[in-house]
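Just below is one structure, and these are the notes that go with it.
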Amino acid sequence: MTETFDAVDVIITKRDGGRLSDGQIDWVIDAYTRGSVADEQMAALAMAIVLRGMEPDELSRWTAAMIASGERLDLREITRPTTDKHSTGGVGDKITLPLAPLVAACGAAVPQLSGRGLGHTGGTLDKLESIPGWRASLSNEQFVRQLQEVGAVVCAAGSGLAPADRKLYALRDVTATVESIPLIASSIMSKKIAEGSSALVLDVKVGTGAFMKTEANARELAEAMVGLGTAHGVRTVALLTDMSTPLGRTAGNALEVAESIEVLAGGGPPDVVELTLALAHEMLAAVGLGDVDAAAALRDGRAMDVWRRMIAAQGGDPDAALPAAREKHVVTAPATGVLTRLDALAVGVAAWRLGAGRAQQGEAVSAGAGVVLLAKPGDRVRAGEALLELHADEPDRFARAVAALDGGFDIDESGAATVPTVTTIIDRVG
Ligand code: URA
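Residue numbers (numbering that gives the first Met the number 0): 0 to 429.
Take a look at the structure:
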C-alpha cells in the first residue's frame, strides 16, 4: 500500500516544534496501529511530543485518531443515564468498588472498563479478582446486558477499544515517554471516550503516590482531559485529590475489597467515605441526578444490594471468605508522639514488594498480600505500638517491604502537631 505521509517527516515536524497537521495525525496513528510505522519511529515521535508538547486542537485530533483506531461502544439502548469515573491511580485507591454500585443504586448506570496495576499503584481488576469466582472478561453483549440489568459493571477493556493506545502505552513504558501531559491525557481519554459513557468524572491524584507530584501539573492534566472529554461530547469534570498518604487503611487486593465492603455496609474509613460520596455526587450531578442523597443509599443497604448483584453477575460469590496471606509482620512505632506523615509511595512500594502488585505485565499477584495501616497521619502513637501490619504469602518478602518503609513516616515527639485527618479533596476543575 502506498503511504500518504512519511514517518520521518512527521517526526521532523514535531522535533522542530511544529504543529502536526490533521492529515499527519490521522495517518501516523493509523499506520502505527497497522504496523507500517515502526516502534522506533513512534518512540522518536513520542519523545518529540514529550519535549515539544501539543496545541489543544492538535491534542484533540490526536485523541480522536486514537479513538478511531478501534470501536466506540454504543450505549444508547441503556435506559438510565450513563456516568463513569476514572482515577489517575494511587495507593489504597479502592474507590471504584463502593462507588460503582452506589451510583447505580442512585439511578444511573456505571459502565466501567478498568485496568490492572503496574508498579506501586493497584489495579481495580486485581482487587476484584480476589473475590472467589469473579471474572474480569466480558463480551460487549454481556457488558451491555449487565449494565442494563444491574446498573453497574466493572470489567477489562476488550482488545477492540483504542488499540492504538494499547500499543503506544506499552512502547512509552519502555522508552521513558510516559510522563507527558498530552500523551497521558490522550491515552486515558481515548479509552474513556470509546467506552461510550455520556458523563465522566476524573479523579486526578496529586502527591508522592501519584503520577503527578505537584498540584500545578495535576491541574494542567485535569484541564487537558476535561477539554478533551467536552470536545468529544462527554460531560467531563475533574476533582484534584490528595495522594500524599494512602487512602483508607489498606493497600492490597483482598484487604481493599474487605475495606470497600465496610463502606458499603455504612462504615469504613472517613477519607474513603468522603471521596466516594464526593465522586458519587459529581457523577450523578453530571447526568441531572444531583439532588439524589447518595449517603442514604450507603446507610440503608441499597448500594450493598447492587454490589452483591454486580459481583454475582460476573461469577463472583459475594458471601465467600476473602483470601488471606499466610504470614504477617508488624512494624512498630519507634517513638511516642503524633504521626505527622505516612508516605503513599513508601506504602505502595511495600505492598508491591509483598506481592500485591506486579513488576511485569502478565505476572500473577497475591490476593492476600498488602499493608494494613493501624495509624493514619494525625493519630497519636506510642513507642513499640504496632503502626503497620504487613501481609505476605512468603516471609522472605518482609525485609524488602520494611526497607521500602524506611524514611516513609514521621512522628512528632513533642506531641503538639495537629494534622487534619480528612484532607482528600483539593479542588474541582470543569
Ligand atoms: N494511564 C493511562 O491509561 N495512560 C497513561 O498514559 C497514563 C496512565
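We put the beta carbon where it would ideally sit given N, CA and C, even for glycine.
(request) Tell me whether residue 233 counts as near the ligand URA, meaning its Cβ is closer than 7 Å to at least one heavy atom of that ligand. (result) no
(message) Among 364, 58, 127, 79, whose alpha-carbon lies nearest the alpha-carbon of residue 25?
(response) 58
(request) Please find out if some non-hydrogen atom of the ligand URA comes closer than 7 Å to the beta-carbon of residue 205. (result) no
(message) Under 7 Å: does the beta carbon of residue 10 sit that close to some heavy atom of the ligand URA?
(response) no
(message) The alpha helix (DSSP H) that contains residue 280, what's its start and end?
(response) 269-284
(request) Find the nearest neighbour of residue 394 within the set 329, 427, 286, 174, judged by alpha-carbon distance. (result) 329
(message) Would the segment 221-228 count as touching the segment 88-95 if we require 3 or more Cβ pairs under 8 Å?
(response) no
(message) Is residue 168 near the ligand URA - that is, is its Cβ less than 7 Å away from at least one heavy atom of it?
(response) yes
(request) Return the first residue and the last residue of the alpha helix (DSSP H) that residue 260 is part of. (result) 252-263
(request) Identify the continuous alpha helix (DSSP H) that holds residue 220 and give its terminal residues. (result) 214-230
(request) Check whether the segment 230-245 touches the segment 194-205, counting contact only when three or more Cβ pairs, one atom from each stretch, lie closer than 8 Å. (result) yes
(request) May I ask you to report which of helix, strand or coil DSSP gives residue 75? (result) coil
(request) Specify the secondary structure class of residue 89 as computed by DSSP and reduced to three states. (result) coil
(request) Rank 79, 29, 134, 424 by C-alpha distance to the C-alpha of residue 275 and give the top, closest one. (result) 424
(request) Tell me where the beta strand (DSSP E) around residue 113 begins and ends. (result) 109-113
(message) Checking the sheet assignment: what are the DSSP bridge partners for residue 153?
(response) 111
(message) For the ligand URA, I want to know if residue 187 counts as a neighbour, meaning its beta carbon is within less than 7 Å of at least one of the ligand's heavy atoms.
(response) yes
(request) May I ask you to report which of helix, strand or coil DSSP gives residue 249? (result) strand
(message) Quick check: residue 369 and residue 251, are their CB atoms within less than 8 Å of each other?
(response) yes
(message) Tell me which residue opens and which closes the alpha helix (DSSP H) that residue 240 is part of.
(response) Element bounds for residue 240: not the alpha helix (DSSP H) but the beta strand (DSSP E), 234-241.
(request) Reducing DSSP to helix, strand and coil, say where residue 363 ends up. (result) coil
(message) At a cut-off of 7 Å, would you count residue 201 as near the ligand FMN, judging by its Cβ distance to the nearest heavy atom?
(response) In the structure on display, the ligand FMN does not appear, and the ligands it does have are the ligand URA.
(request) Quick one: using the 10 Å Cβ neighbour count with 16 as the cut-off for buried, is residue 101 buried or exposed? (result) buried
(message) Given 7 Å as the limit, tell me if residue 182 has its C-beta closer than that to any heavy atom belonging to the ligand URA.
(response) yes
(message) Once the 5 residues before and after residue 385 are set aside, which same chain residues still bring their CB inside 7 Å of it?
(response) 329, 331, 373
(request) State the beta-bridge partners of residue 211 as determined by DSSP. (result) 205
(message) Looking at the ligand URA, does it come within less than 7 Å of residue 153, judged from the CB to the closest heavy atom?
(response) no
(message) Which same chain residues end up closer than 6 Å to residue 326 when comparing Cβ atoms and leaving out the 5 residues on each side of it in sequence?
(response) 391, 394
(message) Using 8 Å for Cβ pairs, my map puts residue 13 next to residue 60. What's the rounded Cβ distance?
(response) That pair is no contact at about 13 Å.
(message) Taking 8 Å as the threshold (C-beta atoms), are residue 259 and residue 48 in contact?
(response) no
(message) Report the CB separation of residue 27 from residue 9 in whole angstroms; it is logged as a contact under 8 Å.
(response) 5 Å
(message) Tell me which residues share the same chain as residue 62 and place their Cβ nearer than 6 Å to its Cβ, disregarding the 5 neighbours each side in the sequence.
(response) 185, 188, 189, 227
(message) Rounded to whole angstroms, what is the Cα-Cα separation between residue 484 and residue 158?
(response) The shown model of the chain, from 0 to 429, leaves out residue 484, and the question about it has no answer.
(request) Tell me residue 389's beta-bridge partners as DSSP assigns them. (result) 328, 370
(request) Could you check the C-alpha separation between residue 164 and residue 73 for me, to the nearest Å? (result) 20 Å
(message) Using a Cβ-based criterion (distance less than 7 Å to any ligand heavy atom), does residue 436 qualify as near the ligand URA?
(response) Summary: the structure shown does not reach residue 436, with the chain confined to residues 0 through 429, and so no result is reported for it.
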